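2 protein chains.
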Amino acid sequence: MANNITIVELAAALGLSKSTVSRAFRDSEDINPKTREKILQKANELGFSPNLYASNLRGNKSHTIAIIIPEFGNKFFSQAIKGIEWVARNNGYHVLIYVTDHSAEKEADIIRTLVNGRVDGVIMSGSGEGNNHEYLKLLQNNKVPLVFFDRYYEDVPTACITGNDFESSYQATKHLITNGAKRIAYLAVNKDVSIGKIRMEGYKKALEEAKLPINEQLILDTSNDVHVNYQDIKTLIQIQHPDAIFASVERLAMSTIRVARELHLTIPNDLKLICFSCLDIADMLQPSLSVVKQPAYEMGIQATSQLFDILCGRKPDGIRNLLFLDSELIFQHSSRKV
Amino acid sequence: MANNITIVELAAALGLSKSTVSRAFRDSEDINPKTREKILQKANELGFSPNLYASNLRGNKSHTIAIIIPEFGNKFFSQAIKGIEWVARNNGYHVLIYVTDHSAEKEADIIRTLVNGRVDGVIMSGSGEGNNHEYLKLLQNNKVPLVFFDRYYEDVPTACITGNDFESSYQATKHLITNGAKRIAYLAVNKDVSIGKIRMEGYKKALEEAKLPINEQLILDTSNDVHVNYQDIKTLIQIQHPDAIFASVERLAMSTIRVARELHLTIPNDLKLICFSCLDIADMLQPSLSVVKQPAYEMGIQATSQLFDILCGRKPDGIRNLLFLDSELIFQHSSRKV
DNA sequence: TTGAAAGCGCTAACAG
DNA sequence: CTGTTAGCGCTTTCAA
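Residue numbers (our numbering), protein chains in the order written: chain B, 1 to 338; chain A, 1001 to 1338.
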């Protein structure tokens, strides 16, 4: 709860006016350095600091940004947030965090709480579902710039930092083919989000190029429920007998490993596996896991830098502007020919 | 940037007074439901929402809490934050996040930015270093309650949710002994923080009970630099030849696995390993990793609930109050007798 | 260089 | 149930 002592009391204690005290806390040069010194010292002594809400109300800005992400817990988002927090702090900004659990509805709710001045900008990885992104207009109407990272909506014109997912998916799939795979299953996340679609297109391109059939039975659209996914993956493997799996996100690969274990299938002998993941211990898994590793931290840094570019007027808002950062392909045992 | 349209304009557009409009947005019952409906509808139409900073300035509260943690990226903190965010949102609160990189100085800096009304409460896992926690008095002076989770400072009287670390460490060490270990090394984090000390005490108790010597050479106080730790662990193993290692945090166990690999030591044959970790794929590692698994999500939930208890006056602030949540001991291959 | 005064947009008595 | 009014604590002209 805000400070008890106010600028008026501080001023009184010093025999000055509140305007002078106020100046001491701004970058104002209209003040005698000695006076400022005296004020700052007294403030420190009395434990005074200017009330944030009064300042913001006058100044009309919050020095706060929001991060909105669909899930929390994998290395990708952890790293990205770390980057975001770092840049924000260096710019004297604070960071609010929101998790949607992949619910577009929650996403919309959150957005609605942000347009009353709470934040100066938003960095978001989209939760997908539906394609009505009207609520994002709220941000625009309130001049709150938005920057996407990783998962963006194609119909929303704004800056966006993402991976070179088409190319990586293509390369990853090609790698599986090179290693002898012929029936490669693709585990998709939400096809409504950019990455759901694009990663799949890379996969399809590799198949086409190798003259392998694109079998829709081998493409599994997954949910956000880990148990449902487990069952679906199990069924897919039992019925379709793929010889390789390309998981578009880490958690699907983990479920795959558990299913394989239950079905007594050996990776990579019976089933090859590769996935998108930022796990730093992929090489310690049994078997070591082949991954497409996105530069998560860098993505966070870039997204936030772009947001500040917009906030500082160095770049315009509301312009579609995609920046692709290269992922690293790390081939280990899980995808290798045996 | 805040909304352009104000409560006054909305009132004008409806031919009402601004107090009536204000009431429509509070839980006030002093308003005709029909009027409220009309107001809310018009507000929606005009894209109005009450300016946050004006409300906060009047109401003297921010509906925001802060999380301060030393590091970011391991499952423990991810899960805890998830719990915190969940409870906060259910209470209509927003969550600011701050990472200190284990720097007590940064921690103090952050605290200083929080006492101007920015937050109503703070949830923190201490970064340790030094034992001058004077800066935390700032919070108390400004009536901003603080709740610790996991890593607390013993000299700060406040609520604290942590694991039953003494018991878990004791059990984990005992387990290593039962499985034949005689020279058990302990990898400590910062001994200034509660967990650094307490986890080590559990380790020592188990040794004493088994009449094994407590060898300070086998206790490694680690830094926050992964490379330095790697070297130190390597040196420890090469010179002291421990037959087991108890790592007090996950990342130290990961470094140990890498060192063992470099030195061609097999786990658990040449070296047994157990550690504190919330990793959900500990069983997929090679070898599967024995862990002390703290209820991270639950800890976040409990810490935040307690904070709200204090905020709502259901509990007093500034009282030392430790709550211990039981960890789960999961023994897998890395610590087993061969 | 400092002070006086007018709000920022909203809330909460109080009166009607 | 609705309107009037007096601030919340600060910033920022404008005048001194």
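Ideal Cβ placement from N, Cα and C applies to all residues, glycine included. Quantities reported herein were computed from a predicted structural model and do not represent experimental measurements.
{"Query": "Proximal chain A residues relative to Ala54 (chain B), where beta-carbon distance stays under 7 Å", "Result": "Leu1057"}
{"Query": "Amino acids of chain B, ordered along the chain, whose beta-carbon sits closer than 7 Å to that of Ser1078 (chain A)", "Result": "Phe72, Gly73 and Ser78"}
{"Query": "Other residues of its chain near Met284 (chain B): CB distance less than 7 Å, five sequence neighbours each side excluded", "Result": "none"}
{"Query": "Proximity test, Cβ basis, 8 Å: Glu1105 (chain A) and chain B", "Result": "no"}
{"Query": "Alpha-carbon spacing of Phe149 (chain B) relative to Ile195 (chain B), whole angstroms", "Result": "11 Å"}
{"Query": "For Ala1002 (chain A), the three-state DSSP class (helix, strand or coil)", "Result": "In this prediction, Ala1002 (chain A) has a pLDDT of 36, which is less than 50 and means its spatial position is unreliable; nothing more can be read from the coordinates."}
{"Query": "Below-8 Å beta-carbon distance, Ser1341 (chain A) vs any chain B residue", "Result": "Lying before the first or after the last residue shown, residue 1341 (chain A) is absent from chain A, which here runs from 1001 to 1338."}
{"Query": "Min CB distance His175 (chain B) to chain A below 8 Å", "Result": "no"}
{"Query": "Cβ of Glu85 (chain B) within 8 Å of any chain A Cβ", "Result": "yes"}
{"Query": "Collapsed DSSP secondary structure at Leu133 (chain B) in the structure displayed", "Result": "Position check: residue 133 (chain B) holds His in this sequence, whereas Leu was assumed. Coil."}
{"Query": "Beta-carbon proximity of Gly1339 (chain A) to Asn1074 (chain A), cut-off 8 Å", "Result": "Given that chain A is displayed from residue 1001 to residue 1338, the structure contains no residue 1339 (chain A) and the question cannot be resolved."}
{"Query": "Short Cβ contact (8 Å threshold) for Lys1272 (chain A) with Ala1244 (chain A)", "Result": "yes"}
{"Query": "CB contact below 8 Å: His1264 (chain A) versus chain B", "Result": "no"}
{"Query": "Alpha carbon of Phe1048 (chain A) to alpha carbon of Asn1090 (chain A), nearest angstrom", "Result": "24 Å"}
{"Query": "Chain-order list of residues whose beta-carbon lies under 6 Å from that of Ala2 (chain B) (same chain, five-residue window excluded)", "Result": "The pLDDT assigned to Ala2 (chain B) is 37, lower than 50, so where the model puts this residue is not dependable, and the model offers no usable value."}
{"Query": "Ala1012 (chain A), buried or exposed, once every other Cβ within 10 Å from all chains shown has been counted against 16", "Result": "exposed"}
{"Query": "Helix, strand or coil at His1333 (chain A) according to DSSP, with G and I counted as helix", "Result": "helix"}
{"Query": "Minimum length 3: unbroken beta strand (DSSP E) runs contained in the region 1200 to 1241 of chain A", "Result": "1219 to 1221"}
{"Query": "Where Ile81 (chain B) falls: helix, strand or coil (DSSP)", "Result": "helix"}
{"Query": "Contacts around Gln238 (chain B), its chain only, beta-carbon distance under 8 Å, and the 5 residues preceding and following it disregarded", "Result": "Leu263"}
{"Query": "C-beta contact flag for Ser334 (chain B) and Pro268 (chain B) at 8 Å", "Result": "yes"}
{"Query": "Pairwise C-alpha distance: Gln1332 (chain A) and Gln1171 (chain A)", "Result": "14 Å"}
{"Query": "Rounded C-alpha distance that separates Glu154 (chain B) from Thr178 (chain B)", "Result": "32 Å"}
{"Query": "Gly1318 (chain A) at chain B interface by Cβ criterion, 8 Å", "Result": "no"}
{"Query": "Glu45 (chain B) beta carbon near the ligand COA (any heavy atom closer than 7 Å)", "Result": "Absence of the ligand COA from the depicted structure is noted, as is the absence of any ligand whatsoever, leaving it without description."}
{"Query": "For Lys1174 (chain A), three-class secondary structure by DSSP", "Result": "helix"}
{"Query": "For Pro295 (chain B) and Cys278 (chain B), the rounded distance between their alpha carbons", "Result": "8 Å"}
{"Query": "Residue burial classification, Ile1319 (chain A) (beta-carbon count within 10 angstroms, cutoff 16)", "Result": "exposed"}
{"Query": "Test: Met1 (chain B) CB closer than 8 Å to a CB of chain A", "Result": "With a pLDDT of 35 at Met1 (chain B), under the threshold of 50, the predicted position of this residue should be treated as unreliable, and no value is reported."}
{"Query": "Status (buried if at least 16 other CB within 10 Å, exposed otherwise) for Thr1339 (chain A)", "Result": "Because chain A here runs from 1001 to 1338, residue 1339 (chain A) falls outside it and cannot be looked at."}
{"Query": "Cβ-based neighbour list, Tyr230 (chain B), same chain, cut-off 6 Å, excluding 5 preceding and 5 following", "Result": "Ser255"}
{"Query": "Whole alpha helix (DSSP H) elements within the region 1029 to 1065 of chain A, 4-residue minimum", "Result": "1033 to 1046 and 1052 to 1059"}
{"Query": "Separation of Ile214 (chain B) from Leu1252 (chain A), as counted between CA atoms", "Result": "45 Å"}
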